[in-house]
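Data block below; observations after.
There are 2 protein chains.
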Amino acid sequence: MAEPSFARLSLFLFSFLLLFATYSWVFGPDSSFHVRKTLRSDPKLRVDHSSQQPHHPLDPLTVQEIERVRTILSGHDPGFGSGSATIHSMALDEPEKLRVIQWKKGNRLPSRRAEVVALSGGQSHVMTVDLDSGRVVSDLVNPTCGYPILTMDDIFAASQIPFKSIEFNRSIEARGVKFSDLACITPFAGWFGSAEEGHRIIRVQCYTLQDTSNYFMRPIEGLYVTVDIDNLEVIKIVDKGQVPIPKAAGTEYRFGIHNKPVHMDHINPISMEQPDGPSFRVEDGHMVKWANWAFHIKADQRAGMIISQATVRDSETGEPRSVMYKGFPSELFVPYMDPEEGWYYKAYMDAGELGLGPTAMSLVPLNDCPRNAYYIDGVFSSPDGKAIVQPNMICLFERYAGDVSWRHSEILIPNVDIRESRPKVTLVARMATSVGNYDYIFDWEFQTDGLIRATVAASGMLMVKGSPYENVDDLGDKEDDAGPLISENVIGVVHDHFITFHLDMDVDGPMNNSLVKVHLEKQRVPTGKSPRKSYLKVKKYVAKTEKDAQIKLSLYDPYEFHIVNPDRKSRIGNPAGYRIIPGGNAASLLDHDDPPQIRGAFSNNQIWVTQYNRSEQYAGGVLVYQSHGDDTLQVWSDRDHSIENKDIVLWYTLGFHHVPCQEDYPVMPTVAASFELKPANFFESNPILGAAPFFDKDLPVCKPFASS
Amino acid sequence: MAEPSFARLSLFLFSFLLLFATYSWVFGPDSSFHVRKTLRSDPKLRVDHSSQQPHHPLDPLTVQEIERVRTILSGHDPGFGSGSATIHSMALDEPEKLRVIQWKKGNRLPSRRAEVVALSGGQSHVMTVDLDSGRVVSDLVNPTCGYPILTMDDIFAASQIPFKSIEFNRSIEARGVKFSDLACITPFAGWFGSAEEGHRIIRVQCYTLQDTSNYFMRPIEGLYVTVDIDNLEVIKIVDKGQVPIPKAAGTEYRFGIHNKPVHMDHINPISMEQPDGPSFRVEDGHMVKWANWAFHIKADQRAGMIISQATVRDSETGEPRSVMYKGFPSELFVPYMDPEEGWYYKAYMDAGELGLGPTAMSLVPLNDCPRNAYYIDGVFSSPDGKAIVQPNMICLFERYAGDVSWRHSEILIPNVDIRESRPKVTLVARMATSVGNYDYIFDWEFQTDGLIRATVAASGMLMVKGSPYENVDDLGDKEDDAGPLISENVIGVVHDHFITFHLDMDVDGPMNNSLVKVHLEKQRVPTGKSPRKSYLKVKKYVAKTEKDAQIKLSLYDPYEFHIVNPDRKSRIGNPAGYRIIPGGNAASLLDHDDPPQIRGAFSNNQIWVTQYNRSEQYAGGVLVYQSHGDDTLQVWSDRDHSIENKDIVLWYTLGFHHVPCQEDYPVMPTVAASFELKPANFFESNPILGAAPFFDKDLPVCKPFASS
């Protein structure tokens with residue numbers, strides 16, 4: 001057989017690399033940074049990142065600061081100059097919470113520090129770099145098991161390694177796949193015991209791009225490669241024999257290329273219009289002010305988007321009151337349900353293994369976000385410490401969906417027609433991350449009644465498995481093995497998604513919060529006391545320690561969960577509180593000794609509350625890649641610290657079971673789930689009682705574009 | 001004491017009457033009907049109901065038909081002429097399902113029949129009136145226990161009865177309430193054993209309207225009256241002694257009258273705009289056609305709004321395919337959690353006791369429904385058989401909320417930027433019913449990907465209880481008794497809401513549907529077979545009988561629930577199906593022997609599937625008022641009919657627990673919950689793969705109104 005041309009290989013390997021870790025990243029000359037030009041971004045929103053300064057203690061590192069970290073690191077460890085040490089993630093090391101809370105606009109910023117997670121000499125380093133003093137003030141080596149987020153270099157290297165193997169090349173050729181059509185992705189390794197310890201490994205799984213851009217639907221099943229990323233060598237190749245590669249027909253999804261007719265009537269143009277412009281302001285690039293809300297927003301390499309210091313104005317006094325100090329998706333856990341070779345390790349932790357920031361590509365105006373959206377860029381560090389700009393990564397927009405925020409119809413007083421209704425207008429902050437095949441859209445939605453809704457919507461491509469079968473009838477007893485047949489030779493492998501949110505609630509201040517479990521307990525009425533035989537009674541339990549707050553939801557044992565500040569009482573004496581309201585959810589059913597579940601142990605409960613600990617940000621640990629699960633939310637919570645009247649953090653895990661169906665092929669209609677944080681005796685009364693209705697005289701006058 | 005002036009009493013009693021049963025009903029001279037003039041309705045949508053003809057077998061009775069029923073009934077039973085017999089509900093008696101399905105536009109309509117539920121001589125009659133032959137073809141007397149929906153006359157009568165009692169009048173006067181400020185409502189009786197059998201009874205509970213239109217927040221607690229509606233006599237008065245009447249301050253909610261400042265920045269006008277107009281058509285008043293959907297919609301006295309014959313076009317062939325024959329809220333059940341005198345019987349069944357149609361007042365344009373909404377009127381019968389028009393009772397509108405129907409970002413092929421995203425535009429059908437204090441907004445939302453979402457949003461006023469306490473600190477151990485203190489002297493009584501939907505699914509036809517329970521079962525991996533120790537495996541169980549389909553949802557024992565047509569296979573052999581996807585939910589925890597739960601037994605499970613039976617429409621039975629629970633979904637399901645490969649009906653109960661909080665006072669911010677019906681192997685693949693994105697050139701150009 002002919003060895004594949006290296007030049008051609010590089011071309012498409014470069015593509016895989018872009019796919020998994022770089023997306024919009026483009027590198028300029030050593031001393032500068034570049035913004036990848038995006039065709040559809042709005043030029044008027046572009047900011048000159050090279051001159052940006054931080055304005056707020058929580059503002060992300062600027063381009064200049066990232067460059068300075070690089071200089072400082074080069075002085076600390078020559079590896080950062082030579083390239084033998086690599087930066088895997090870099091973010092602002094946020095100042096102590098109390099310093100941030102006490103800071104006022106106009107004050108000098110607390111000292112700026114960077115947290116850098118790096119690999120040097122095969123060791124994981126978690127470093128704190130002080131930008132003011134120019135020193136590395138802390139350098140923890142292997143603080144826990146596990147490795148940092150993968151870099152694009154790791155993935156690039158991994159993708160190249162199989163081609164060193166004659167066996168691999170022969171297997172590809174034997175399947176009749178042209179090397180120029182080959183597209184390989186790199187499923188993560190997970191952790192399955194000592195055999196795979198001591199070096200970073202990754203899997204390589206290939207597809208064919210022939211006749212489609214949707215290579216995910218054309219797996220080259222049965223060929224599984226494990227490589228060592230550090231030593232650049234193949235560890236294991238398994239070729240279980242050929243499985244038919246599913247056909248390309250019907251898989252293309254790009255507009256204008258997929259030409260199948262859509263059997264539906266034309267939908268006239270529709271748009272949320274605000275001819276006076278949006279009502280929110282973004283001050284200094286990150287402080288958002290809208291209606292009665294203010295919050296800080298930033299892009300983050302790991303969490304994607306972070307909301308901080310969310311405050312809402314009191315409806316009586318107008319004072320800003322703290323609700324949530326910090327909220328972000330702390331980890332994603334996506335275990336697949338196939339114990340077979342080539343699939344058993346597929347249990348992704350996308351935030352800690354890949355990062356939700358660099359995979360959040362520029363949003364598509366008018367389609368990912370409506371007109372009048374405001375876009376915010378991400379600024380990250382490349383593996384060699386150069387600044388990278390991810391344009392239009394976050395959008396902010398106001399939403400009016402035709403819904404009602406409150407209403408009542410009444411005709412009590414004769415000749416007076418009471419039909420009062422108030423429209424619901426909300427503010428949405430959005431990011432969409434494409435972690436390989438899946439796309440996740442993260443929304444934070446703020447309502448004027450004080451409610452915050454977090455929504456995760458999933459779309460993109462399934463991770464499918466090639467199958468010898470073309471029809472369900474041919475499957476016989478094998479039907480249920482890995483999942484349902486969703487197209488000829490394509491099995492949609494059953495999997496779960498768990499997204500664990502870090503919700504650092506600071507209801508009316510950081511220090512004095514408690515979790516109150518409001519239990520709805522069925523009471524039996526003693527005979528003769530009432531014609532009723534039963535009713536529900538509310539009993540409140542204050543969680544004393546973290547183990548009291550390891551909570552599994554149950555439809556038939558219902559609780560409300562309130563974070564209250566017992567030191568802030570309402571006029572009538574109720575403590576100020578916010579409830580977490582779960583929506584539709586799914587629980588992890590994997591055994592607790594199953595390696596993926598050990599690492600994803602934060603999905604063992606739907607709700608947790610822990611004592612605030614600055615280092616406990618990521619539910620799966622700081623170093624997640626090949627982690628053993630010794631630094632998870634479960635481990636922290638089992639320490640059982642006191643959480644009564646303390647600075648506490650609420651964690652919520654939102655889950656989906658996904659049994660794929662034909663409609664998920666070749667790209668999935670969006671599926672969404674959400675939870676809410678809702679005021680509960682936080683305001684004295686309905687805070688939007690005095691809100692105005694819409695009047696026709698205020699609404700815009702619109703013409704079709706063509707006729708204007 | 002002075003007896004209250006009857007003239008003044010009538011004035012406000014007339015108001016209560018309007019509040020509870022008539023709303024927009026106005027009666028004209030004997031031979032005609034009138035439309036109540038609503039200030040804010042859109043005159044261009046008005047139709048001339050007097051000349052309307054039915055165009056479709058499911059079209060509701062027209063004004064002329066209602067008048068004809070009245071004539072026929074007068075010939076059948078002289079009581080209908082004299083007024084001694086009363087019509088409690090009237091609706092089209094729908095033709096046999098197969099006749100409706102076989103009917104094509106242009107065919108003659110199947111014979112038109114009315115189902116009339118009436119009281120005559122103290123007996124409940126369920127009658128079928130044939131309009132073509134002019135005969136009462138069926139007249140079932142007391143087919144089950146229970147009485148028909150209350151009429152406005154019942155409620156009017158009930159409200160007057162207490163004033164016959166000197167004890168009642170003295171109690172009111174003793175509390176210092178002016179008779180001119182008195183507002184009395186009529187909580188229903190429930191059923192608590194033989195003492196209350198044999199006559200129709202109702203409770204009367206009074207409030208004061210002094211200084212507020214929001215009398216619901218000013219209960220005259222401790223005074224409870226039970227009256228016999230048929231004999232017009234007081235059965236029981238309980239005066240437990242005076243409880244302070246909560247103050248009026250802060251309770252007013254009408255715009256411009258409540259003048260408290262709202263502490264928030266101005267929100268600029270925002271509107272969903274469609275300068276080319278909406279994309280849906282409403283043919284012959286009731287057939288809605290939009291995108292790939294077609295369905296019949298009508299107002300109904302009992303269910304409020306009924307969706308029928310929902311069909312979606314096949315994405316491959318364009319053929320219309322049946323999804324759901326009929327969907328509507330079959331019953332609402334709202335048990336309060338206070339076993340005390342005056343409260344134990346509060347367990348409402350609003351559809352069967354009051355009707356969701358007449359209580360659905362005209363929607364408020366721009367606020368209940370957005371611009372470009374299309375309004376549909378309801379046409380009902382008055383108790384004496386005259387036609388009544390409920391204007392603008394239902395609205396239809398297209399929604400674009402800035403969301404995404406599918407997306408994927410990819411950069412695989414060098415120099416090609418793949419970021420494909422499709423906006424989500426949906427069609428919403430909405431009704432808002434004000435059943436006394438509570439407002440329920442019912443939405444049916446249709447997506448182009450085949451998904452149907454039903455949403456129930458609750459707003460309006462709490463049913464509150466007067467309390468001697470002004471502050472939580474004064475309550476001591478009493479805190480949890482009926483519910484939390486939410487304002488001075490106001491307890492928000494804990495309660496549940498259960499809305500049971502009748503979902504007559506006809507997936508690809510009526511005759512051959514089955515329920516498949518798709519179980520996600522945790523498997524233990526045998527040692528040594530895989531590095532994994534567990535995974536989930538999908539196993540499918542076809543429900544054989546109704547008892548197999550009495551389903552309680554469980555987070556830790558998850559199933560998907562598919563209604564499939566085993567006779568309609570996809571290309572690869574999967575049966576066509578639709579899944580029901582629960583959202584956030586709550587279960588009834590009341591004991592099964594508790595009288596309200598016996599009557600509301602349809603809330604014993606979240607999901608049920610029954611064999612189609614024409615007479616099993618209403619989950620709480622045909623005659624719900626004072627019913628004993630012998631005609632509920634539980635009773636039918638326990639008959640355990642076969643449901644495999646049959647015409648079957650899916651029932652879903654959506655629930656809320658409601659522990660009130662201060663924010664619910666004096667009017668509640670909307671709380672919503674929903675469920676979805678989603679295609680599962682119904683389409684060969686994603687049916688909206690070929691949908692177009694939004695382009696700037698197509699979107700409208702808008703100006704602020706003031707400047708236009």
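If you read the protein sequences in the order shown, they are chains A and B.
Under UniProt numbering, the first sequence has 440 at position 440, and the numbering climbs by one with no breaks.
Under UniProt numbering, the second sequence has 655 at position 655, and the numbering climbs by one with no breaks.
Ideal Cβ placement from N, Cα and C applies to all residues, glycine included.
* For residue 410 (chain A): DSSP bridge partner residues -> Walking along the first sequence from the start, residue 410 (chain A) turns up at place 410. A:418.
* To do: Determine the direct distance from the alpha carbon of residue 179 (chain B) to that of residue 115 (chain B), and round the result to whole angstroms.
  => Locating residue 115 (chain B) in the second sequence gives position 115, where the first residue counts as 1. Locating residue 179 (chain B) in the second sequence gives position 179, where the first residue counts as 1. If you draw a straight line from the Cα of residue 115 (chain B) to the Cα of residue 179 (chain B), it is about 41 Å long.
* Name the two residues that bound the continuous beta strand (DSSP E) containing residue 737 (chain A). => Residue numbering for chain A in the displayed model covers 1 to 708; residue 737 (chain A) lies beyond these limits and cannot be assessed.
* Contact the segment 102 to 116 of chain B vs the segment 144 to 159 of chain B: 3+ CB pairs below 8 Å -> Because the criterion of three Cβ pairs below 8 Å is not met, the segment 102 to 116 of chain B and the segment 144 to 159 of chain B do not touch.
* **Partner residues on chain A for residue 79 (chain B), Cβ-Cβ distance less than 9 Å** => What you label residue 79 (chain B) is simply residue 79 of the second sequence in a count that begins at 1. Neighbours of residue 79 (chain B) on chain A: none; closest Cβ ~30 Å, over 9 Å.
* Asked: Does the distance from the C-beta atom of residue 192 (chain B) to that of residue 595 (chain B) stay below 8 Å?
  -> Start at 1 with the first residue of the second sequence, and residue 192 (chain B) comes out as number 192. Start at 1 with the first residue of the second sequence, and residue 595 (chain B) comes out as number 595. Their beta carbons are under 8 Å apart, which means residue 192 (chain B) touches residue 595 (chain B) by this criterion.
* Asked: Is the CB-CB distance between residue 242 (chain A) and residue 175 (chain A) below 8 Å?
  -> Taking the first sequence and counting its residues from 1, the one referred to as residue 242 (chain A) is at position 242. Taking the first sequence and counting its residues from 1, the one referred to as residue 175 (chain A) is at position 175. Yes; because the gap between Cβ atoms is below 8 Å, this pair is in contact.
* Would you list the one or two residues that DSSP bridges to residue 679 (chain A)? => Here residue 679 (chain A) refers to the residue found at position 679 when the first sequence is read from its first residue. In the DSSP output, where bridge partners are listed per residue, residue 679 (chain A) has A:578.
* Asked: If you measure from the beta carbon of residue 369 (chain B) to each beta carbon in chain A, is any gap under 8 Å?
  -> For this step, residue 369 (chain B) is matched to residue 369 along the second sequence. It does; some Cβ of chain A falls within 8 Å.
* Out of curiosity, what's the CA-to-CA distance linking residue 393 (chain A) and residue 358 (chain A)? -> To locate residue 393 (chain A), count along the first sequence from 1; it is residue 393. To locate residue 358 (chain A), count along the first sequence from 1; it is residue 358. Using only the alpha carbons, I get a separation of about 9 Å.
* **the segment 414 to 434 of chain B contacting the segment 684 to 703 of chain B, beta-carbon criterion three pairs below 8 Å** => Three or more Cβ pairs closer than 8 Å define a contact, and the segment 414 to 434 of chain B meets that threshold against the segment 684 to 703 of chain B.
* Asked: Taking buried to mean at least 16 other C-beta atoms within 10 Å of its own C-beta, is residue 286 (chain B) buried or exposed?
  -> Here residue 286 (chain B) corresponds to residue number 286 of the second sequence, with the count starting at 1. Buried, by the Cβ-count rule.
* Asked: Which one of A:187, A:568 and A:326 has the shortest CA to CA distance from residue 612 (chain A)?
  -> For this step, residue 612 (chain A) is matched to residue 612 along the first sequence. When each option's Cα is compared against that of residue 612 (chain A), the closest is A:326.
* To do: Determine the chain A residues that contact residue 657 (chain B) at a beta-carbon separation under 9 Å, and present them in chain order.
  => By 1-based counting over the second sequence, the position of residue 657 (chain B) is 657. Those are 520, 536, 558 and 560, listed as they occur along chain A.
* Strand pairing of residue 373 (chain A), partner residues [DSSP] -> Within the first sequence, numbered from 1, the residue matching residue 373 (chain A) stands at position 373. Residue 373 (chain A) has no beta-bridge partner at all, per DSSP.
* Asked: What alpha helix (DSSP H) runs, 4 residues minimum, are completely inside the segment 630 to 704 of chain A?
  -> Listed in chain order, the alpha helix (DSSP H) elements of length 4 or more contained wholly in the segment 630 to 704 of chain A are 633 to 638.
* Asked: Which whole runs of the beta strand (DSSP E) in the UniProt domain "Copper amine oxidase N3-terminal" (148 to 245) of chain A are 3 residues long or more, in chain order?
  -> Every beta strand (DSSP E) of 3 residues or more that sits fully in the UniProt domain "Copper amine oxidase N3-terminal" (148 to 245) of chain A is shown, in chain order, as 182 to 185, 201 to 208, 223 to 228 and 233 to 239.
* To do: Can you give me the Cβ contacts of residue 680 (chain A) inside the same chain, cut-off strictly under 7 Å, excluding the 5 residues immediately before and after it?
  => Here residue 680 (chain A) is taken as the residue at index 680 of the first sequence, counted from 1. Taking residue 680 (chain A) as the centre and dropping the five residues before and after it, the same chain places the C-beta of 562, 577, 578 and 579 closer than 7 Å to its C-beta, in chain order.
* To do: Have a look at residue 502 (chain A) and residue 618 (chain A) and give me their C-alpha separation to the nearest angstrom.
  => The residue labelled residue 502 (chain A) in the question sits at position 502 within the first sequence. The residue labelled residue 618 (chain A) in the question sits at position 618 within the first sequence. Distance between residue 502 (chain A) and residue 618 (chain A), taken at the CA atoms: about 8 Å.
* With DSSP as the reference, label residue 539 (chain A) as helix, strand or coil. => The residue labelled residue 539 (chain A) in the question sits at position 539 within the first sequence. In the displayed model, residue 539 (chain A) falls within a strand according to three-state DSSP.
* Asked: Which residues in chain B sit within 8 Å of residue 150 (chain A), going by Cβ to Cβ distance?
  -> Here residue 150 (chain A) corresponds to residue number 150 of the first sequence, with the count starting at 1. Residues of chain B whose Cβ lies closer than 8 Å to the Cβ of residue 150 (chain A) do not exist; the shortest such Cβ separation is about 17 Å.
* Would you give the residue range spanned by the beta strand (DSSP E) that residue 88 (chain B) belongs to? => Start at 1 with the first residue of the second sequence, and residue 88 (chain B) comes out as number 88. Looking at the DSSP string, the run of the beta strand (DSSP E) that includes residue 88 (chain B) is 86 to 92.
* With burial defined as no fewer than 16 other Cβ atoms inside 10 Å of the residue's Cβ, what is the status of residue 124 (chain B): buried or exposed? -> Counted from its first residue, the second sequence places residue 124 (chain B) at position 124. Classification for residue 124 (chain B): buried.
* May I have the straight-line CA-CA distance separating residue 313 (chain B) from residue 597 (chain A), to the nearest angstrom? => Taking the first residue of the second sequence as 1, we reach residue 313 (chain B) at position 313. Taking the first residue of the first sequence as 1, we reach residue 597 (chain A) at position 597. Between residue 313 (chain B) and residue 597 (chain A), the C-alpha separation is close to 42 Å.
* Please work out which residues of its chain come closer than 8 Å, Cβ to Cβ, to residue 482 (chain B), disregarding the five sequence neighbours upstream and downstream, and give them in chain order. => Sequence index remark: in the second sequence, residue 482 (chain B) carries index 482 (1-based). Closer than 8 Å at Cβ, skipping near neighbours: 337, 338, 340, 343, 465, 491, 493 and 494.
* DSSP on residue 604 (chain A), reduced to helix/strand/coil? -> Here residue 604 (chain A) refers to the residue found at position 604 when the first sequence is read from its first residue. If DSSP states are grouped into helix, strand and coil, residue 604 (chain A) belongs with the helices.
* Asked: Would you say residue 162 (chain A) faces chain B, with C-beta separation under 8 Å as the test?
  -> Translated into positions along the first sequence, residue 162 (chain A) becomes position 162. No Cβ of chain B is located within less than 8 Å of the beta carbon of residue 162 (chain A).
* List the residues of chain B that residue 274 (chain A) touches, going by C-beta distances under 7 Å, in chain order. => The residue you call residue 274 (chain A) lines up with position 274 of the first sequence. In chain order: 268, 269 and 270.
* Asked: Beta-carbon of residue 513 (chain B) versus every beta-carbon of chain A: anything under 8 Å?
  -> Numbered from 1 along the second sequence, position 513 holds the residue referred to as residue 513 (chain B). Among the CB atoms of chain A, none fall inside 8 Å of the CB of residue 513 (chain B).
* **C-alpha gap between residue 120 (chain B) and residue 348 (chain B), whole angstroms** => Position 120 of the second sequence holds residue 120 (chain B). Position 348 of the second sequence holds residue 348 (chain B). One C-alpha to the other measures close to 25 Å.
* To do: Reducing DSSP to helix, strand and coil, say where residue 67 (chain B) ends up.
  => Within the second sequence, numbered from 1, the residue matching residue 67 (chain B) stands at position 67. In the three-state reduction of the DSSP assignment, residue 67 (chain B) falls in the helix class, which pools H, G and I.
* What separation, rounded to the nearest whole angstrom, lies between the Cα atoms of residue 521 (chain A) and residue 657 (chain B)? -> Numbered from its first residue, the first sequence carries residue 521 (chain A) at position 521. Numbered from its first residue, the second sequence carries residue 657 (chain B) at position 657. Distance between the alpha carbons of residue 521 (chain A) and residue 657 (chain B): 12 Å.
* **Closer than 8 Å to chain B by CB, residue 565 (chain A)** => Translated into positions along the first sequence, residue 565 (chain A) becomes position 565. Taking CB atoms only, residue 565 (chain A) has no neighbour in chain B less than 8 Å away.
* Among all the DSSP beta bridges, which residues are the ones paired with residue 347 (chain A)? -> Walking along the first sequence from the start, residue 347 (chain A) turns up at place 347. Answer by DSSP bridge pairing, in chain order: A:335.
* Asked: Nearest to residue 550 (chain A) by alpha carbon, out of A:589, A:524 and A:602?
  -> Against the first sequence, residue 550 (chain A) aligns to sequence position 550. Across the set A:589, A:524 and A:602, the C-alpha of A:602 shows the shortest separation from the C-alpha of residue 550 (chain A).
* Asked: Where does the unbroken beta strand (DSSP E) through residue 267 (chain B) begin, and where does it stop?
  -> Position 267 of the second sequence, counting from 1, holds the residue named residue 267 (chain B). Run containing residue 267 (chain B): none; DSSP gives neither H nor E here.
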